[in-house]
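Protein chains in written order, with the working numbering: chain U, 1 to 357; chain W, 1001 to 1357.
Comments concern the structure below.
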């Protein structure tokens, strides 16, 4: 399939753009979307950009019953010169295909997917907020569509990309968040789907999140499902700690999402010659470092928030206040570097930035 | 809300009924479906039976991204006197509501849900196959519908019930199936969603199932996610073993589905004064019992298959042939008793059968 086969139908009924600065995350969508179908006979076919519109499915479509679905999240940024940049989009498409493998979904052609991303963002480029800290969130996703109540991989799928202008993921912005260590619920376990970006991981996480929210915590810190002691992720982000000058993050164990921001932070720290290591980290390690005065910083990393400093960790009825509850120096430096590269404000020695032509 | 508020719109375009005896599981649907909506303002409202028709949703509806959904499965049976029976439907609705709680979905009114089940089955009663071993499969399910990419419980939902005439769940029918003990993948772990009937559990299970299928096994036997040694379920069924005269099944650990057939089998065995116990069972216990000649029978239990005898267990490159690969005497007796009660052929001392009026 050649990428120039993507057909385009421009909407003749453009929506009015909202005041970007007042947007809530993920509730406003642009004028167009990308769609591509899969059937056993034809494979992936009919790639097209069409006006943003509802999906119509049989009530027996397997997505509604057995949740065979994967998704991605990335952003398009507007530079001061009105250029449009993506950040390592090929990494998202590769991860989408790894998720597909775990969920028994046929993989998509990387070239077509990247072309679709760029073409769609280009068509809706006026929706990219020209406001500091804002961006156009890009959501590629695949759903299973066959009407079939047998628990077996679907024979048909739809791949879509939708776009949403967004501000900061957390109401707090780059300000530190308060996190509760989760002791009852588990996000994922080795052998499960924790390293795939798939709906079930997020559905299962909502109850813990809701309960921690009631106690005033933004997110939970997930521990592993086997021993309930090793740190995995924070909310829907990867997590880093700075302990006595060294930056550590949980190793990819099979149950942790392979974050692209995570990977970029590690590469950035290595580039800066800051000691960084991926290893098993227990909650006791963190507690001990805190008690010894060596827990210097903690932060989450993810596409939505980029860097989210952690000002407080709640663990066994004790509040661990990190860096006086303030944004750490390193977290801020990483945030500035990443958002600088993403928006074209600083040099990109890594070749991470992709210009949408 | 009064149950007589369920409105009914009869289809004026009835489908032609297929030859029931040739049906595949879950691919054919009846003329009508039940629908009820939830919004924050109105709660659950507008219960209605309408012609079977597609669902139309925004592509940003959270069901497509974060999989907030629960479902149930039960059957309607036609007796020789053309009466229509349900089997313990109130247990399904209670479990639906327990699943809702885990998935942060607002619970439904049990009375309305039961009324809806009965009314819908009654309207489409001509779709219940009058063929031995066949039934009308009933699929209640709830999906989250709010267009919102923020990972947070949806503010709107749709509850639906659809119906599908079905034959045996396994091609093999009541004949024994071959099962492979799964050593790489994990279905669920304590603290996760394993005891809720929700899409993500099933999506995550497909890869192991697909791989075991390639080796000629119908389903996998799941081990626990923590120690990878305790038996949990078989495929999408609960599992029982008869060892030296005693029937054992894994205890409800939090990661195992609380099967209604499981519960009924336990109650039936107690009624018969057959020793039965719910406890932790390791795969080594089963292997030892096999080697000692004490593993007399093994079978899965679930709504779809009722009882599914296990003729072979594949474990660490060894084939454990159970009861000479034949259906066990007890499995057959339980199958006959349950299907007898379900179809009205035998007395129902438990009050499990509900007549659709």
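Don't be surprised by glycine CBs; every beta carbon is placed ideally from N, CA and C.
The alpha-carbon of residue 186 of chain U is positioned some 32 Å away from that of residue 156 of chain U. Per DSSP, residue 1073 of chain W is not a residue of any alpha helix (DSSP H), being assigned neither H nor E. Residue 1056 of chain W is classed as exposed because its beta carbon has fewer than 16 other beta carbons within 10 Å across all chains shown.
Within the segment 1143-1208 of chain W, the runs of beta strand (DSSP E) that reach at least 3 residues and sit entirely inside it are, in chain order, 1156-1166, 1177-1181. Residue 141 of chain U belongs to the set of residues whose beta carbon lies under 8 Å from a beta carbon in chain W. Listed in chain order, the alpha helix (DSSP H) elements of length 4 or more contained wholly in the segment 273-356 of chain U are 283-291, 329-343.
Each residue's CA atom was taken as its position, placing residue 1352 of chain W and residue 1133 of chain W some 19 Å apart. In the DSSP assignment, residue 38 of chain U falls within the beta strand (DSSP E) that extends over 32-39. Taking C-beta atoms under 8 Å as the contact rule, residue 1242 of chain W and residue 1297 of chain W qualify, at a distance of about 4 Å. Taking a Cβ-Cβ threshold of 7 Å, none of the residues of chain U is close to residue 1275 of chain W; the smallest such distance is about 32 Å. No Cβ of chain U is located within less than 8 Å of the beta carbon of residue 1156 of chain W.
Per the coordinates, the alpha-carbon of residue 27 of chain U lies some 9 Å from the alpha-carbon of residue 1146 of chain W.
In the structure shown, residue 217 of chain U adopts coil according to DSSP, grouped into three states. Not a single C-beta of chain U is nearer than 8 Å to the C-beta of residue 1240 of chain W.
In the DSSP assignment, residue 55 of chain U forms a beta bridge with W:1057. Within chain W, the residues 1067, 1193, 1198, 1199, 1200, 1201, 1203, 1204 have their CB atoms less than 8 Å from the CB of residue 200 of chain U, given in chain order. Contact between residue 1287 of chain W and residue 1315 of chain W holds, since their C-beta atoms are separated by about 6 Å, short of 8 Å. In chain W, no part has a C-beta under 8 Å from the C-beta of residue 306 of chain U; the shortest such distance is about 16 Å.
A straight-line Cα-Cα distance of about 13 Å links residue 346 of chain U and residue 77 of chain U.
Residue 1232 of chain W sits close to residue 1255 of chain W, with the two beta carbons spaced by under 8 Å. For residue 261 of chain U, the uninterrupted alpha helix (DSSP H) run begins and ends at 260-271, by DSSP. In this structure residue 283 of chain U is not in contact with residue 250 of chain U, their Cβ atoms being roughly 11 Å apart against a cut-off of 8 Å. At a Cβ-Cβ threshold of 8 Å, residue 1340 of chain W and residue 1176 of chain W do not count as neighbours. Counting only the Cα atoms, residue 16 of chain U lies some 13 Å from residue 32 of chain U. A distance below 6 Å between beta-carbons, with the five flanking residues on each side excluded, links residue 1067 of chain W to the following residues of its chain, in chain order: 1199, 1200. Residues of chain U with a Cβ closer than 7 Å to the Cβ of residue 1150 of chain W are, in chain order, 25, 26.
Between the segment 1199-1213 of chain W and the segment 211-220 of chain U, the count of Cβ pairs shorter than 8 Å is below three; the stretches do not touch.
Collapsing the DSSP output to three states places residue 1256 of chain W in coil. Here DSSP, grouped into helix, strand and coil, assigns residue 1229 of chain W to coil. In this structure, U:221 is the residue among U:114, U:221, U:235 with its C-alpha nearest to the C-alpha of residue 229 of chain U.
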